[in-house]
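Order-wise, the sequence lines are chains U and L. Each number in my numbering comes from the position in the first sequence (counting from 1) with 1414 added on. Each number in my numbering comes from the position in the second sequence (counting from 1) with 9 added on.
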Amino acid sequence: MKAVCWMGTSKVETLTVDDPKLLNPHDAIIKVTRTAICGSDLHLYDGFIPTMEAGDILGHEFMGIVEEVGRGVTNLKRGDRVVVPFTIACGNCSFCKKKLWAACDNTNPNAHLMEAAYGYSGSGLFGYSHMMGGYAGGQAQYVRVPFANVGPLKIESDLPDEKILFLSDIFPTGYMAAENAQIQPGDTVAVWGCGPVGQFAIASAFMLGAARVIAIDRLPERLDMARSVGAITIDYSEDDVSVLTALKDLTAGAGPDSCIDAVGLEAHSTELQGIYDQVKTKLMLETDRPSVLRQAIQAVRKGGTLSIPGVYGGLLDKVPFGAAFGKGITMKMGQTNMHNYMQPLLERIEKGEIDPSYIISHRITLDDAPEMYKVWRDKKEQVTKIVIDPWAERKVA
Amino acid sequence: MSDALREKPNAEPLPKSAGAGVIVNGRYLPPPVDKDGKQWVRTSAFIQASPQDLYAMWRDVEAIPLWQEQITAVTRTGDKTSHWVMKSGDKTLEWDSEILADEPGERIAWRSTGGDSDNAGEVIFETAPGGLGTVATVLQEFRMGKFASMWETIVGRNPKQAVIENLRHFKALAETGEIPRNQGQPHGPRGTVGGAKESLYGEKVETPPAMDRKAS
């Protein structure tokens, strides 16, 4: 089959590899009908996530048709149409029983690597480093899905793939970000980063009762998209704009009730601290560039909530913890507990409350993927979301 | 039994009362320190199952290759004795083992009695509070020597880590009916560095049960 393989920092190739096979009793093999490149895949592309190795198949957002199931799989059969969460959960450990699916004890075959690096291990993820399980990803024509009784959500309706696909990660991730923001009716919510997760966080914040959502980014197409669903936008790259002043101006000096950092470890900053983080990370004295996190802590109102769906990978410098303590803020974060959100969000899609396909900007083939990783990383061609049809033939120009 | 097997000294028996405990008379008890050629590892896990079921699973010695790494066969040689075969790289290690303490639903302690391995260990099962099932705690002691150094250098799995991994496998098997596995998946070319890293990551140690065993 064809698959998109990570071959080194800034090096992705579409290669022919073996088809996946059933390896465990609860495995399923899925014929992938649609997959996508996630913003977090760019962290892999840029080499920020340790234990990626040459030959790893990328991709954790995918859906498709069940091709084959292991003898222990009871709720899926060949031919079922499913969307698969990016976090793999066993369903039986004490964390899964508490619905903390992303903290599953039993799905990471390389838990010891994560324990060595972080002191704990979370669930396995598809296509996201050996530390996170070393599972082959879904930017491919077929993919093996372990613990298939627990993760895949069956799609009974005939809604097109593009409306369903983002249940695999970014729609639940944006929704959990809004839920973690503890929004009360009438609240003002600020969202840093208007990429796909930011867009779904904005839409979800409105669903959960926010009166106003303030969206912060620098790319015009993303800010346009945010305004199209009702957000007020701040372009932080404009010369005369200070995000902190803007947020005070928009909230009578109080600051937003909730702040959502949908950017994470590779934040760009126009301020001096941005240069500081660039230098320190290059010298390996810092792993992450937390300028958004710093700003969100400074911006949020006293007693407010900071929700962090953006990925952080390690050690952060100069985080204004005194302000966080002084204001008595609540911080909520973490990998998405996918399995809590997929069914209820599918119902919202089926009722027509939201059509998540509005964020798609590019539709490509597997052969186009290596080039499009670069295009998106370089923020060219107005990319908001790239969807891959693994069976489409590349159009010859 | 070969002469080589007879010549090996026995590992010492563990204390009569549970030695794997973490709390003694209300105080935290740190794990034993490595000394005099002996290495110790203590590891524990919450497992969603009853102490009785977990005891029974651990006590079923002939099924141990289903969840312990590189153990290819365990044969019962008596009510409390067994013969163990381990394949590590292209080397085969064999030893005999006896159960020293056998308290259904609570505790099993064992030691090797000759062969290529000097080891002794204990597992205790205690009901956990708050719906967390059972706390399983393993204390394992072994002598560094041919056995351990081979294990460590050839297969890239530190023997202490192997004890930790085996409890992780035991928990996964008890809770889900399988042990998570990433061996046998498709991938692109690994290159020289990638191959070395697989070994470093412990990915060359086959996740039990071995695939040929699963097929049967």
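We put the CB at the ideal spot given by N, CA and C, even for glycine. Keep in mind the model is a prediction, meaning the values are calculated, not measured.
Task: Element boundaries [beta strand (DSSP E), containing G1422 of chain U] - done: K1416 to G1422
Open item on the list: Using a 10 Å radius around the Cβ and a threshold of 16 neighbouring Cβ atoms, would you call A205 of chain L buried or exposed?
Closed with: exposed
- [ ] Mark N34 of chain L as exposed unless 16 or more other C-beta atoms lie within 10 angstroms of its C-beta, in which case mark it buried.
- [x] Result: exposed.
Task: Complete runs of the alpha helix (DSSP H) confined to the region 1521–1607 of chain U [at least 4 residues] - done: Entirely contained in the region 1521–1607 of chain U, the alpha helix (DSSP H) runs reaching 4 residues are, in chain order, 1525–1532, 1575–1578 and 1584–1594.
- [ ] Ignore the nearest five residues each way along the sequence and tell me which others in F1462 of chain U's own chain have a CB closer than 7 Å to its CB.
- [x] L1679, E1680 and G1727
TODO: With a threshold of 16 other CB atoms inside 10 Å of the CB of S1537 of chain U, please say whether the residue is buried or exposed.
DONE: buried
- [ ] Can you tell me the Cβ-Cβ gap for P76 of chain L and N175 of chain L, rounded? I've got them flagged as a contact below 8 Å.
- [x] In the sequence as presented, Pro is not what sits at residue 76 of chain L; that position holds Trp. Contact holds; Cβ gap of about 7 Å.
Open item on the list: Short of 9 Å Cβ to Cβ, which residues in the region 1514–1531 of chain U face chain L?
Closed with: D1519, N1520, T1521, N1522, P1523, N1524, A1525, H1526, L1527 and E1529
Open item on the list: Count Cβ pairs between the region 1454–1473 of chain U and the region 1543–1550 of chain U that sit closer than 8 Å; are there 3 or more?
Closed with: yes
Open item on the list: DSSP three-state label for K1793 of chain U, please.
Closed with: coil
Open item on the list: Short of 8 Å in beta carbon distance, which residues of its chain neighbour S1508 of chain U, apart from the five on each side in sequence? Order them along the chain.
Closed with: Closer than 8 Å at Cβ, skipping near neighbours: D1519.
Open item on the list: Considering only the alpha carbon of each residue, which of U:P1804, U:A1666, U:L1658 and U:F1614 lies closest to G1644 of chain U?
Closed with: U:F1614
TODO: Closer than 8 Å by beta-carbon distance: list the chain L residues that pair up with Y1549 of chain U, in chain order.
DONE: N191 and Q194
Open item on the list: Measuring alpha carbon to alpha carbon, tell me which residue in U:M1747, U:L1707 and U:H1753 is nearest T1734 of chain U.
Closed with: The sequence as given places Pro at residue 1734 of chain U; Thr does not occur at that position. Comparing Cα-Cα distances from P1734 of chain U to each of U:M1747, U:L1707 and U:H1753, the minimum goes to U:L1707.
Open item on the list: As a quick exercise: from U:H1526, U:T1428 and U:F1585, pick the residue whose alpha carbon is nearest that of E212 of chain L.
Closed with: U:H1526
Task: Within 9 Å of chain C by C-beta, residues of the region 105–136 of chain L in sequence order - done: The structure shown has no chain C; the protein chains it does contain are U and L.
Task: Listed by chain order, chain L residues near E1427 of chain U by CB distance under 8 Å - done: G197
- [ ] For L141 of chain L, return the contacting residues in chain U, with the cut-off set at a CB-CB distance below 8 Å.
- [x] Below the 8 Å Cβ cutoff, chain U contributes S1508 as neighbours of L141 of chain L, in chain order.
Task: H1776 of chain U (DSSP reduced to helix, strand or coil) - done: In the structure shown, H1776 of chain U sits in a strand (DSSP, three-state: E or B).
- [ ] Consult DSSP for K1694 of chain U and reduce its assignment to one of helix, strand or coil.
- [x] helix
Open item on the list: Distance check for V1564 of chain U and P60 of chain L, CA to CA, integer angstroms please.
Closed with: 25 Å
TODO: Answer yes or no: do D1671 of chain U and V1605 of chain U have a C-beta to C-beta separation smaller than 9 Å?
DONE: no
Task: Buried/exposed call for D1769 of chain U, threshold 16 Cβ in 10 Å - done: In this structure D1769 of chain U is exposed. Its beta-carbon is surrounded by fewer than 16 other beta-carbon atoms within 10 angstroms.
TODO: Have a look at V1789 of chain U and Q1796 of chain U and give me their C-alpha separation to the nearest angstrom.
DONE: Rounded to whole angstroms, the separation of the alpha carbons of Q1796 of chain U and V1789 of chain U is 9 Å.
Open item on the list: Counting C-beta neighbours from all protein chains within 10 Å, is the total for F1739 of chain U 16 or more, i.e. buried, or is it exposed?
Closed with: exposed
Open item on the list: Please return the same chain residues whose Cβ sits closer than 6 Å to the Cβ of G1600 of chain U, not counting the five positions on each side in sequence.
Closed with: Around G1600 of chain U: A1625.
Open item on the list: Using a 10 Å radius around the Cβ and a threshold of 16 neighbouring Cβ atoms, would you call Q1757 of chain U buried or exposed?
Closed with: In the assembly as shown, Q1757 of chain U is an exposed residue. Its beta-carbon has fewer than 16 other beta-carbons within 10 Å.
Open item on the list: Quick check on A110 of chain L: does DSSP put it in helix, strand or coil?
Closed with: strand
Task: Test item: CB-CB of Q149 of chain L and E131 of chain L under 9 Å - done: yes
- [ ] Could you check if P198 of chain L is buried or exposed, using at least 16 other CB atoms within 10 Å of its CB as the buried criterion?
- [x] exposed
- [ ] List in chain order: all unbroken beta strand (DSSP E) runs of 3+ residues lying wholly within the region 46–119 of chain L.
- [x] 47–56, 80–85, 90–97 and 100–112
TODO: Please report the residue range of the beta strand (DSSP E) in which L148 of chain L lies.
DONE: T143 to R152
Task: Cβ pair Q48 of chain L, F151 of chain L closer than 9 Å - done: Yes; because the gap between Cβ atoms is below 9 Å, this pair is in contact.
Task: DSSP three-state assignment for C1504 of chain U, whether helix, strand or coil - done: coil
Open item on the list: Counting only beta-carbon separations shorter than 9 Å, does E212 of chain L have a partner in chain U?
Closed with: Flagged as an interface residue toward chain U: E212 of chain L, by a C-beta distance shorter than 9 Å.
TODO: Compile a chain-ordered list of the residues in the region 1434–1459 of chain U whose CB is closer than 8 Å to at least one CB of chain L.
DONE: P1434, K1435, L1437, N1438, P1439 and H1440
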